[in-house]
Amino acid sequence: MKRIFSPLLLLIVICLFLLGFQRQNPVAEQVLKSIPIVDSFKVIDNDPLFQTTYEVWFSVPLDHNNPNSEKFPLRAYYSHRSFTRPMVVVIDGYTMYTSRPNELTRILEANQLTIEHRFFSKSRPKDSIPWSYLNIRQAAADAHAVISAFKPHYQGKWISTGISKSGQATIFHRRFYPNDVDVSVPYVAPLNFSSEDKRVYEFLSKVGSAECRKKIREFQIALFRNKNTLLPMFEVLAQKNNWQFTMGIGRAYDLSVLEYEFAFWQWGYSCSDIPTGNSQPSVLFEHWSQINPFTFFEEKEIEKVRPFFYQAMTQIGMYGYNIEPFRNYLPDKKNITFEFTLPKGHTVNFDSSAMLDVYRWVRDSGNYMLYIYGQNDAWSSTAVDPGTKTNAVKMVCPSGSHSTRIKDFPKPLRDSIYITLERWLEMPVGRK
Numbered sequence: 001m002k003r004i005f006s007p008l009l010l011l012i013v014i015c016l017f018l019l020g021f022q023r024q025n026p027v028a029e030q031v032l033k034s035i036p037i038v039d040s041f042k043v044i045d046n047d048p049l050f051q052t053t054y055e056v057w058f059s060v061p062l063d064h065n066n067p068n069s070e071k072f073p074l075r076a077y078y079s080h081r082s083f084t085r086p087m088v089v090v091i092d093g094y095t096m097y098t099s100r101p102n103e104l105t106r107i108l109e110a111n112q113l114t115i116e117h118r119f120f121s122k123s124r125p126k127d128s129i130p131w132s133y134l135n136i137r138q139a140a141a142d143a144h145a146v147i148s149a150f151k152p153h154y155q156g157k158w159i160s161t162g163i164s165k166s167g168q169a170t171i172f173h174r175r176f177y178p179n180d181v182d183v184s185v186p187y188v189a190p191l192n193f194s195s196e197d198k199r200v201y202e203f204l205s206k207v208g209s210a211e212c213r214k215k216i217r218e219f220q221i222a223l224f225r226n227k228n229t230l231l232p233m234f235e236v237l238a239q240k241n242n243w244q245f246t247m248g249i250g251r252a253y254d255l256s257v258l259e260y261e262f263a264f265w266q267w268g269y270s271c272s273d274i275p276t277g278n279s280q281p282s283v284l285f286e287h288w289s290q291i292n293p294f295t296f297f298e299e300k301e302i303e304k305v306r307p308f309f310y311q312a313m314t315q316i317g318m319y320g321y322n323i324e325p326f327r328n329y330l331p332d333k334k335n336i337t338f339e340f341t342l343p344k345g346h347t348v349n350f351d352s353s354a355m356l357d358v359y360r361w362v363r364d365s366g367n368y369m370l371y372i373y374g375q376n377d378a379w380s381s382t383a384v385d386p387g388t389k390t391n392a393v394k395m396v397c398p399s400g401s402h403s404t405r406i407k408d409f410p411k412p413l414r415d416s417i418y419i420t421l422e423r424w425l426e427m428p429v430g431r432k
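Everything in the sequence shown is counted per our numbering, starting at 1 for the first residue and increasing by one.
As structure tokens, then:
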């Protein structure tokens, strides 16, 4: 009995030790305990790339120009691999949805910090959102505060990145704090100059083939012509999913028809999948519902991302809907924009100076910036143009969409991206 018990006990001890090591990393934990702005943290499920991952809550000022202003909680994910590896900072533009490694994190076998954007999810004051403090400079200062807290502990290269609005946030942070990181890689990030940037209309009039653009327009016209038949299908779906449309379901229907064109190119759908205009209503509805989710105009979904819409209408810009081809089906006399998404009781004016300032910085001073775009992505209509005054590199994936990642590029272009990263970071990168 004694011989059997001892090895069994040893095995149990080893298992408990390994489990304990997996659940916590004392050194990484000491880093968190040493940071004054950390309010709390806990270990969360971990990707095998990392030793340990924490959900961390920071306390940061509403107004970074006044450090004594009211504080609010800001959430981040901190994933530790090694103090000798690089640190990738994912500067989120929205709610954080995952702590999994970013594409760059895997390529570089790096540590990772993911920082939630102010006023999304629970990264906000408890009672209400003070909208006047939602601007690109204050959000950049949030990221700067978190990065500065970890910087002394990680002496390797620092890389910031983000996708879409997170890519925008990456650019904005770098504009205000250019020395926080060594390299930035914003993915599919637009630089809009208006709450209705009309470059989008020009792009949509030229993207893809003339045949495909014609099919898209004919499909939209078919949706309007068949509204009496299709709207009841829309209503059934809305009731089933408890969708609420403050604007009215008829208006939501119309806007969803207009959104179809942008969504089609944004997400890279195939022109061969577009039904002909004389298809059965059920066929039209099925395809339509697959391309752009009707929840884009649903009140609860708008509420989740209302901070985005507020920023779009005040500083970071947006697209609108060109009504010219659809005047026979709409009551509108001018193009439709997204002011209807603003917080109740708020009217705002778009401040074009914010993005013009960012544009000048990108053009004149934005070094070590690697911009990733998809050729056919509707958001590429307002893509960054870095010019020739900096060493910035802009890479466009042929036929790419808003889902474009480095892995999607043809090998020669992908290798060019790896070479650029190796040169700037002065280290080999994993060619995934």
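C-beta atoms are modelled at their ideal positions from N, C-alpha and C, and glycine is treated no differently.
Cross-strand partners of residue i (DSSP beta bridge)
{"i": "Val56", "result": "Phe41 and Ala76"}
{"i": "Cys397", "result": "Gly374"}
{"i": "Thr161", "result": "Val90 and Val185"}
{"i": "Pro61", "result": "Lys71"}
{"i": "Tyr321", "result": "Ile336"}
{"i": "Pro190", "result": "Ala383"}
{"i": "Met369", "result": "Ser184"}
Per-residue burial, residue i [other beta carbons within 10 Å of its own, 16 or more giving buried]
{"i": "Met318", "result": "buried"}
{"i": "Val283", "result": "exposed"}
{"i": "Asn426", "result": "For the sequence presented, residue 426 should be read as Glu rather than Asn. Classification for Glu426: exposed."}
{"i": "Val183", "result": "buried"}
{"i": "Thr229", "result": "exposed"}
{"i": "Ala210", "result": "exposed"}
{"i": "Val236", "result": "exposed"}
{"i": "Gln315", "result": "buried"}
{"i": "Lys33", "result": "exposed"}
{"i": "Phe53", "result": "Residue identity check: residue 53 is Thr in the sequence provided, not Phe. Thr53 is buried by the Cβ-count criterion."}
{"i": "Asn391", "result": "exposed"}
{"i": "Lys240", "result": "exposed"}
{"i": "Gln22", "result": "Any reading at Gln22 needs caution, since the residue's pLDDT is 43, under 50, leaving its predicted position unreliable; the model's value is listed next. That one is exposed."}
{"i": "Pro26", "result": "exposed"}
{"i": "Asn242", "result": "exposed"}
{"i": "Ser123", "result": "buried"}
{"i": "Pro412", "result": "exposed"}
{"i": "Glu116", "result": "buried"}
{"i": "Pro398", "result": "exposed"}
{"i": "Ser205", "result": "exposed"}
Residue-level contact to chain B via CB, residue i, 9 Å cutoff
{"i": "Val200", "result": "Reference to chain B is not applicable here, since this structure consists of a single protein chain."}
Integer-rounded CB distance, given that residue j should sit under 8 Å from residue i
{"i": "Ile406", "j": "Glu103", "result": "6 Å"}
{"i": "His80", "j": "Ala28", "result": "4 Å"}
{"i": "Lys157", "j": "Pro86", "result": "4 Å"}
{"i": "Arg100", "j": "Asp47", "result": "6 Å"}
{"i": "Phe120", "j": "Tyr94", "result": "5 Å"}
{"i": "Phe193", "j": "Arg137", "result": "Actually they do not touch by this definition, with Cβ atoms about 18 Å apart."}
{"i": "Val188", "j": "Asp408", "result": "About 11 Å; that fails the 8 Å criterion."}
Specify whether the region 290-299 and the region 320-330 touch according to this definition: at least 3 beta carbon pairs, one from each stretch, less than 8 Å apart. no
May I ask you to verify whether the region 191-198 touches the region 119-137, counting CB pairs closer than 8 Å and requiring at least 3? no
Along the chain, which unbroken stretches of the beta strand (DSSP E) at least 3 residues long are found entirely within the region 87-158? 87-91 and 111-115
Run through the region 259-330 for me and flag every whole alpha helix (DSSP H) of 4 or more residues, listed as ranges in chain order. 281-291, 299-304 and 306-311
Examine the Cβ distances between the region 375-388 and the region 339-347 and report whether three or more of them are shorter than 8 Å. no
Would you check if there are 3 or more beta carbon pairs closer than 8 Å linking the region 135-147 to the region 51-65? yes
Are three or more beta carbon pairs between the region 393-404 and the region 361-376 nearer than 8 Å? yes
Below 8 Å, how does it come out for the region 69-84 and the region 110-124: are there three or more Cβ pairs, yes or no? yes
Below 8 Å, how does it come out for the region 209-223 and the region 259-277: are there three or more Cβ pairs, yes or no? yes
Decide yes or no for the touch test of the region 247-257 against the region 354-370: beta carbon pairs closer than 8 Å, at least 3 of them. no
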